[in-house]
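Participant: Line order of the protein sequences matches chains U and S.
Heads up: the first sequence begins at 182 in my numbering, then just goes up one per residue.
Heads up: the second sequence begins at 182 in my numbering, then just goes up one per residue.
Beta carbons are placed, not taken as given, at the ideal position from N, Cα and C, and that holds for glycine.
All values derive from a computational prediction rather than experimental measurement.
The structure under discussion is supplied below as structure tokens; questions concerning it will follow.
Number of protein chains: 2
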Amino acid sequence: MAQEEAADQPDADSALTYRLERPVYDEAFIRSHLLHRKDNASTLRQRLARHFHCSSARAKAALFSFLPILTWLPSYPVRQYLFSDVVSGLSTGVVQLPQGLAYAMLAAVPPVYGLYSSFYPVLLYTFLGTSRHISVGVFAVISIMIGGVAVREAPDSLFLVAANGSNASVAVDVEARDVKRVQVAVVLTTLVGLIQLLLGLLRFGFVAIYLTEPLVRGFTTAAAVHVAVSQLKYLLGVKTQRFSGPLAVIYSTKAVLGDITNTNVATLTVGLVCLVFLYGIKDLNERFKKRLPIPIPGEIIVVIVSTGVSYGMSLAGTYEVDVVGTIPRGLRPPTVPLFSLLPSLVADAFAIAIVGFSMAISLAKIFALKYGYNVDGNQELIAIGLCNFISSFFQTFTISCSMSRSLVQESTGGKTQIAGMLSSLVVLLVVVAIGFAFQSLPQTALAAIIMVNLLGMFKQFRDVPALWRTSKIELAIWLVAFVASVLLGLDYGLLVAVAFAILTVIYRTQSPRSAILGHVPGTGLYCDVAEYEEAHEYDGIKIFHSSAPIYFANSDMYVNALKEKTGVDPENVQTARKAQKKLGKNNIKQSATLKLCAQHEEQGATHVAAEQRNGQPEEGHASSDMDDEDVVLEPVCPVHAIVLDWTSVCFIDSVGAKAIKQVIKEYSAVGVRVAVAGCSRVLLSELDALQFFTGVVTPEMVFPTIHDALLSCQHLNSLRPDRTTQ
Amino acid sequence: MAQEEAADQPDADSALTYRLERPVYDEAFIRSHLLHRKDNASTLRQRLARHFHCSSARAKAALFSFLPILTWLPSYPVRQYLFSDVVSGLSTGVVQLPQGLAYAMLAAVPPVYGLYSSFYPVLLYTFLGTSRHISVGVFAVISIMIGGVAVREAPDSLFLVAANGSNASVAVDVEARDVKRVQVAVVLTTLVGLIQLLLGLLRFGFVAIYLTEPLVRGFTTAAAVHVAVSQLKYLLGVKTQRFSGPLAVIYSTKAVLGDITNTNVATLTVGLVCLVFLYGIKDLNERFKKRLPIPIPGEIIVVIVSTGVSYGMSLAGTYEVDVVGTIPRGLRPPTVPLFSLLPSLVADAFAIAIVGFSMAISLAKIFALKYGYNVDGNQELIAIGLCNFISSFFQTFTISCSMSRSLVQESTGGKTQIAGMLSSLVVLLVVVAIGFAFQSLPQTALAAIIMVNLLGMFKQFRDVPALWRTSKIELAIWLVAFVASVLLGLDYGLLVAVAFAILTVIYRTQSPRSAILGHVPGTGLYCDVAEYEEAHEYDGIKIFHSSAPIYFANSDMYVNALKEKTGVDPENVQTARKAQKKLGKNNIKQSATLKLCAQHEEQGATHVAAEQRNGQPEEGHASSDMDDEDVVLEPVCPVHAIVLDWTSVCFIDSVGAKAIKQVIKEYSAVGVRVAVAGCSRVLLSELDALQFFTGVVTPEMVFPTIHDALLSCQHLNSLRPDRTTQ
């Protein structure tokens, strides 16, 4: 009937037939006759050859990997690339400048350090990086994480000692406090750089894999919340202290709202104007992407204009609008970070290192895919690590790469790392030449810039409905990551999220979907009888499928599911047998059978027939077990064979193996044959190692496919003499 | 040729042939023609039916589950069972008595509380328990855990305040200290009971599954070490303080060794004599198991004799041998535990609750298996929980069940819980009648009893070589559990061990074995070409097998392994194509091909042939991709199709699905067809939910078996016009 259907099949395969005729194989035969392991010699040679091959490749890679610039700069096509690189570099730099100033506020350090961080690392990356399109530099999420640590290590409270008149004292404190916070941020950056470098050298790039996409998106959304909350005070111009650690979000919101009466109207106005303007520009850039040669640099405009206005109207003086304040001219000589602070920062450094790296690599991969080139995860890790480590001696805070900026760099036609370098030179220019000009730039303008840059991250809330439709588990990961990171803070949040993500995997492997399979006639295919009409069972044979590894955490469930779904519980059969001995046979026959097949009936197998057919065979089975002859004429159970479908079992541990072995023993004790079908060769060698094929379990029970197992079971059931083999 | 081999097959299956002839199916066809989901109505009815079925059963179970005694006592066959139950009950009680006294020392409470703990809970279990053979009561591992907590909460140091002359002061302190320690132990027991009860009511019996066997054995071995170390001081009669928490073992060993000069020779002698005697008895019991009606109760003999000797020679007075001391006569009125102590004990309570339960249930299961009856995990949890909870009001410490005692109870012919009840009555008798008699029992004798009982646990060191042979991963679990529990203490040790055990699962699913499969001619079986001689590949088709779920933690590795093993990296092909455009064709042809097939050659596929055959087809492929005609005549890659074998992939998450989709896109862009083979129906529905079958990925790419996929790939490759479908 499958054949006929095949006829009216629209597909190209209709001509094609799957023809197969061979003896039924079992593992014993496969091992003795069919398959022969290759002698190690050859495989060893292969392995050596492959290893040699690899190592030569690795050698070449190692040569260039440390300074990728050597690979691309010599062949840099000046005529084709240079112009667009310059354009893109300048426009990126123009974005990098205000972001540098703004994100410094997130990192709880004076704005100028944001400029340093937008120069040194970016320049270094040009030489070390393998991604041509990402714009490394300050990044909101990382900055807020650093800020959190800085605030924790140097809270305002520590610097209120010299307090006499609140305003004066605060002014005084800020100095000392910021010095301390800078020290913290810098040494933290050194540590982060070291960690990233080490991970890279140890080829541990893969640690980032535990940050699965839903986790990262939930986490960054939470980060956006933190950022937004932390900027409220600047937007409103209220002077509340900054909190860190668990529930920081709630505390600071409460603080700001509590202090909302002191809102500085001038500050708020400036801030809102900037906000609206920037949002408008962003919208324009979106809408006219095609027609604009380069996106309108709204941020720099805001910076310049607001600086001008604030200077002209002396907002700082007249309206007490907080401004950036003194920006030291030029660069600082390198200094050694204050390593005494290290011990308390290790945990944070790990979190920041991994988050920073995974942001960079994920972005780099996107562009690499788009333009068809390779980024080497470990080299990226080394590059970013070195950028952070070396730069930290020049008083920068940790960098990663920013989505928004990278998009600018790419959309304005950036071709190579040259663009990145130029953007850093733009920043350098400002630092050495006209940095002081920004002294009267209102902080609220920077807050506005930050806020607008968050829009992208907040859009990620759309994931929730999407994930709800596709995968509940991943929705759970997203939500856990988000909630934990908002409430516990980004560091603990990340930890919780990763732990949860790992547990979901356990959960998935631990709670398998199990089913009774039936044969789709004429196809050799087997599928769930509960789900598909065509699948039908053969009398007296149950095929049990479970799609998960069998190991300590689920072996009991596996066995229980097996007994429940097949409806055959050896203990019941046993007791039924025992009962038969004692009491009269006729009445027990019904009762036992009914009892045993209660579940059974539902599954629509025809037991009346089954009993008739298997009445005789049962006898033979039973002879292999302790009961005496007068019992064995009663078919206490209509099922004579159970096939365990292990096609989708990817591993089995000793606990699992023991459990299976036990259940096979129990079944064979009550004369139910168990066959195992569809083990992969890998699984089989694992089982050999676990000494699975000893005692009652023999390779003869193992079949390459369900169909083999089924045929052999039917066959053995029909013959008599063979019965002894079982 | 498989046929011929079949002929000389020794196996019973030789007669049997596997015959299958059907069209080649792909998922599209299967969905449209072959399989039809059953209408929900029926399945819903089924589900309802099954649910109803279950719930009725559950109702009946619930009726009796709370007091299982109702199920078995009415049908208690007095004539058959009573005698053996009495014998076994008495002999068990005779063991329970000294163990009660001894384990109280482990729990850091006066001996009499050990007697209480050997009476109340044991009696209660008779009514609540479902296991007929386990002997609940004091258990070394649990006792030492309680002792650890008691010592931590009430350390000696706290009670040295009233110190003036060391001897006097110590005597004084002990009073107050022990009162406090009893309070701690009791309230801890209440909490443990509550937790177990709750877990049982919430049907959380499964939490025990995370304590996999190697973990438990490593853990208990570590516990044995703790116990042994804690008893050294009593054996030597030195007066060192007891430590708890991390490194306690090392501290106490150091303390004892440091104080070894003060060894009390009399104490040591008594102790060693008891030790040797007990060991001898144990050995005898082992050797003459068959001939002895009941094992020789060495422990009670030791207790009685040593008490007599100590009393007669007044060891306590003359030789300063530490003795048990005052044993209050009779029972205590119930009192409410000091709940104020709770908060600091929650974590410990969880650890103890789970360990205690898992010990009991694992033992119960062993006996249930042996005698063919069922134990209900959750009811056991409730039973033990209630035993602990209720008894704790009568000042008992936590109980579980002891291996050694259970074996006595079973080997002396115990049939039902009646035996357990009688053993508890023996203890009761002693408590109310002749408890005071044991006042001059030397502690060193008890230490000897404990030590000898540890032998069984120390034997578990034999696991190490055994596991080394069977499974390295489980050896790792064993060792981690042991080392962590010895060094960090049992509570943290358990935590670390469980975390590690869970991570091993992640590791297993994350680092799959991947391989290139080849067809074993005439069998429809596919296996690793690197491992088996018979497996051989078809020109231009690579079959990639990987035995693990594809999810966020390994999707990258999967893709990399795929590109590496097949030797086809789309990017290289792409670049080769691009290169062809630019440079002359003849030279590039070699270079590109060589470059792409470097890996390839090793895998022994015949590429020369492949190139000839696929030269033409490639053309067609390429037309589906951006290059222009002048390129497509060059076969840049000899592989025209890749089959992903997903038979042992048990789940795929969205990250994995995206990665696969991406790689399929990349391959089809360079004209390599990708087919997916052997997905389970469950996996397919997951993929549907993840919107996997959109864009470039179609159900036509999915095949029920590798063979289907292979045939269709060869077919499509041979035909021309179809090419557009790809």
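#1: Using the rule of at least 16 other Cβ atoms within 10 Å of the residue's Cβ for burial, across every protein chain shown, is U:W659 buried or exposed?
#2: I want to know whether the region 255–267 of chain S touches the region 377–387 of chain S - three or more CB-CB distances under 8 Å.
#3: For U:N569, which residues from the same chain have a beta carbon less than 6 Å from its beta carbon, with the 5 sequence-adjacent residues on both sides left out?
#4: Are S:H726 and S:A696 touching if we call contact CB-CB under 7 Å?
#5: For a test of the three-state rule: what should DSSP assign to S:A349, helix, strand or coil?
#6: Between the region 473–489 of chain U and the region 660–674 of chain U, do three or more beta carbon pairs fall short of 8 Å?
#7: What whole-angstrom Cβ distance do S:P292 and S:M286 have, given they're in contact under 8 Å?
#8: Can you look up S:V701 in the DSSP assignment and give me helix, strand or coil?
#9: Would you check if the distance between the CB atom of S:G161 and the CB atom of S:S604 is smaller than 7 Å?
#10: For U:V863, go through chain A and note every residue whose CB falls closer than 7 Å to its CB, in chain order.
#11: Alpha carbon to alpha carbon, how far is S:A711 from S:Q784? Give it in angstroms, no decimals.
#12: Which word fits U:W827, buried or exposed, when buried means at least 16 other C-beta atoms lie within 10 angstroms of its C-beta?
#13: Would you tell me roughly how many angstroms separate the C-alpha atoms of S:V645 and S:V406, rounded to the nearest one?
#14: Within a Cβ cutoff of 7 Å, which residues of the same chain sit near S:C894, ignoring the five residues on either side of it in sequence?
#15: On the three-pair Cβ rule with 8 Å, is the region 606–615 of chain S touching the region 492–499 of chain S?
#16: If you count every other CB in all the chains shown that lies within 10 Å of the CB of S:V446, and 16 or more means buried, which is it?
#17: Where does the unbroken beta strand (DSSP E) through S:A856 begin, and where does it stop?
#18: Does chain U have any CB closer than 7 Å to the CB of S:F949?
#19: Output, in chain order, the set of chain U residues within a Cβ distance shorter than 9 Å of S:A734.
#20: Starting from S:L940 and walking both ways along the alpha helix (DSSP H), at which residues does that stretch end?
#21: Return the bridge partner residues of S:G921 from the DSSP annotation.
#22: Shorter than 7 Å from the beta carbon of S:Q755 to some beta carbon of chain U?
#23: Any idea if U:K842 is buried or exposed, counting beta-carbon neighbours within 10 angstroms, 16 or more meaning buried?
#24: Please tell me whether U:I731 and U:G837 are closer than 7 Å, where the distance is taken between their beta carbons.
#25: Please return the same chain residues whose Cβ sits closer than 7 Å to the Cβ of U:E867, not counting the five positions on each side in sequence.
#26: Contact defined as beta carbons within less than 8 Å: I believe U:S298 pairs with U:G281. What is the distance between those atoms, to the nearest angstrom?
#27: Residues of chain U with a CB under 7 Å from the CB of S:C708: which are they?
#28: Is there at least one Cβ from chain U nearer than 7 Å to S:R689's Cβ?
#29: Mapping DSSP to helix, strand and coil, what is U:S692?
#30: DSSP three-state call for U:P292: helix, strand or coil?
#31: Would you identify the three-state DSSP class for S:D826, choosing helix, strand or coil?
#32: Assuming U:C831 is part of the beta strand (DSSP E), what are its boundary residues?
#33: Determine the burial state of U:G876: buried for a count of at least 16 other Cβ atoms within 10 Å of its Cβ, exposed for fewer.
#34: Let me confirm a value: S:G595 is counted as buried when at least 16 other C-beta atoms fall within 10 Å, else exposed. Which label applies?
#35: How far does the alpha helix (DSSP H) with U:S425 in it extend, from its first residue to its last?
#36: At a Cβ threshold of 7 Å, is S:R200 touching chain U?
Facilitator: The relevant details are as follows:
#1: buried
#2: no
#3: T370, V373, G374 and T579
#4: yes
#5: Residue placement at S:A349 is poorly supported in this model, since its pLDDT is 49, which falls under 50; the coordinates still yield a value, given next. Three-state result, S:A349: helix.
#6: no
#7: 7 Å
#8: strand
#9: No information on residue 161 of chain S is available, as it lies outside the stretch 182 to 907 that chain S covers here.
#10: Any reference to chain A falls outside this structure, whose protein chains are U and S.
#11: Below a pLDDT of 50, predicted positions are generally treated as unreliable, and S:Q784, at 42, falls in that range; no measurement from the model is reported.
#12: buried
#13: 16 Å
#14: I722, A822, V824, R854 and A856
#15: no
#16: exposed
#17: R854 to A858
#18: Because chain S spans 182 through 907 in this model, residue 949 of chain S falls outside it and cannot be assessed.
#19: F387, I390, Y391, T393, A682, I683 and V686
#20: Since the first residue shown for chain S is 182 and the last is 907, residue 940 of chain S is missing from the structure and cannot be characterised.
#21: Any answer about residue 921 of chain S is impossible in this case: the structure gives chain S only from 182 up to 907.
#22: yes
#23: buried
#24: yes
#25: F832 and I833
#26: 6 Å
#27: L216 and R862
#28: yes
#29: coil
#30: helix
#31: strand
#32: Element bounds for U:C831: n/a, residue is neither H nor E.
#33: exposed
#34: buried
#35: No alpha helix (DSSP H) contains U:S425, which DSSP labels as neither H nor E.
#36: yes
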